[in-house]
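Presented below is the structure to which this report refers.
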Amino acid sequence: MPLYQTSFNRVAIIGGGKMGEAILAGLLRARTGPTATLLPEHLTVVNPGLERRAYLQETYSVPCIERVAQLEACDLVVLAVKPQVMPEVLSELANCSWLAQAYVLSIAAGISTATIEAALPSGAKVVRAMPNTPLTVGHGITAVCAGSRASANDAHVAQELFEALGEAVVVEESQMDAVTAVSGSGPAYVAAFIEAMTQAGEELGLDASVAEKLATATVEGTAVLLRETGQGAIQTRLDVCSPGGTTLAALNAMENAGYSKSIMAGVHAAAARSKELSQ
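Positions 6 to 284 (this note's numbering) are the ones given, in order, by the sequence shown.
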């Protein structure tokens with residue numbers, strides 16, 4: 006059973022880029038949870054680009070405006086802008102007194118809830134989320150954490166919102182750098198793995214498109230296998246390894262080349278950089 010007793014009647018999404026659009030589509034698609042009753046006219050998208058506003062309005066039938074100052078009172082505000090744009094947006098939102106009773110959800114990487122809370126009218130509940138790019142195709146994983154004015158219940162509301170776009174978990178804000186390093190940046194690691202597999206396939210005589218299709222489908226299928234069987238990565242790896250076989254030969258060669266250590270080094274580097282950016 007859900008832990009919340011919350012529903013939203015008026016929603017603003019500030020930022021109409023790919024992530025903003027994915028969230029918009031997910032909110033409109035949801036049939037359960039806190040946005041189940043939303044209709045397109047209950048949402049407003051704020052985006053400075055005229056062409057993008059026209060596209061979103063035509064595609065989703067939602068009202069679109071150019072600036073935050075044009076917003077009317079909403080009970081949910083989604084901050085879907087890039088971190089470098091956030092100071093300007095927060096400056097404009099500081100003048101919106103109605104935010105004192107609003108729920109504010111930020112997906113901006115590296116911007117702490119404390120920073121957002123300090124810029125907004127006192128009383129605004131702030132929840133931070135770290136989604137990843139598969140969110141745009143309904144297969145994202147998002148971690149959410151509550152700010153000092155928000156409760157555990159508020160964090161679960163955000164979790165439910167993002168479950169319309171894939172999966173979602175609740176974490177402590179102190180864990181957000183690790184989340185960024187594992188899942189936020191993770192799609193790039195997986196894409197790099199597919200690139201390397203494709204290149205190796207080409208070197209072994211496969212057509213590039215065939216090699217990429219084989220690699221991509223293998224990654225996708227393995228992820229589904231782990232999720233649906235629940236057997237975990239270690240057992241899945243062991244199931245493919247026959248004594249003296251091709252898979253063990255490959256894994257041994259990879260380990261000798263530093264495979265696992267290089268991945269762990271990369272994840273740690275991403276976490277360290279995320280921490281630097283949030284200071």
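Glycine included, C-beta positions come from ideal geometry on N, C-alpha and C.
Spatial neighbours of residue i within its chain, please: C-beta separation below 6 Å, excluding the five flanking residues on both sides.
i	result
A292	Outside the shown range of the chain (6 to 284) lies residue 292, about which nothing can therefore be said.
L282	G115
S66	P45
A220	I199, M202, T203
S96	none
A228	none
Taking the alpha carbon of residue i as the point to measure from, which residue in the options has its own alpha carbon closest?
i	options	result
T49	A155, E281, L76	L76
V172	V149, S102, Y60, K87	For the record, residue 172 in the displayed sequence is Glu; it is not Val. It is V149 whose Cα lies nearest to the Cα of E172.
A275	Y60, V224, L209, G115	G115
V73	I121, I268, A17, P139	A17
L33	F13, V195, G20, G22	F13
L43	G250, G226, L55, L166	L166
R58	P92, H161, A262, E26	E26
A157	S214, M181, V132	V132
I19	V51, T37, S247	V51
R15	H47, A205, L230	H47
Y108	G249, G210, A163	A163
D80	A262, L110, D244	L110
H161	L209, A197, V175	V175
A194	H273, G206, P68, W103	According to the sequence as given, residue 194 is Tyr; it is not Ala. Minimum Cα distance to Y194 is reached at H273.
A197	Y60, Y264, V82	Y264
In this structure, does DSSP put residue i in helix, strand or coil?
i	result
T185	helix
T141	helix
A99	coil
R133	strand
I146	strand
P222	It is Ala, not Pro, that sits at residue 222 in the sequence shown. Residue state, collapsed to three classes: helix.
I18	strand
G271	helix
A74	helix
L55	helix
G171	strand
T120	helix
S111	strand
V94	helix
A160	helix
L286	Nothing can be reported for residue 286, as the shown portion of the chain is limited to 6 through 284.
Applying the criterion that 16 or more other CB atoms from any shown protein chain within 10 Å of the CB defines a buried residue, is residue i buried or exposed?
i	result
P135	What sits at residue 135 in the sequence shown is Met, not Pro. Under this definition M135 is a buried residue.
G152	buried
K266	exposed
T185	buried
T252	exposed
M24	buried
G31	buried
P39	buried
M269	exposed
G21	buried
Q240	exposed
S279	buried
T118	buried
G189	buried
V245	exposed
For residue i, I'd like the list of residues in its chain whose CB is within less than 8 Å of its CB, leaving aside the five on either flank, ordered along the chain.
i	result
Q89	none
S139	Sequence check: residue 139 is Pro here, not Ser. Taken in chain order, the residues that qualify are G145, I146, G171, P192.
S141	First, the amino acid is wrong: residue 141 is Thr here, not Ser. Here the set comprises K23, M24, E26, A27.
R154	E122, G128, A129, K130, V131
Leaving aside the five residues before and after residue i along the sequence, list all residues of the same chain whose C-beta is less than 7 Å from its C-beta, in chain order.
i	result
A105	P126, S127, G128, A129
V86	I19, G20, V94, A113
M259	none
Is any non-hydrogen atom of the ligand HEM found closer than 6 Å to the C-beta of residue i, if you look at the structure I gave you?
i	result
S117	This structure lacks the ligand HEM, and indeed carries no ligand of any kind.
4-residue-minimum alpha helix (DSSP H) runs that sit fully inside the segment 186 to 268, ordered along the chain: List check, alpha helix (DSSP H) in window: 191 to 208, 213 to 234, 237 to 245, 251 to 261.
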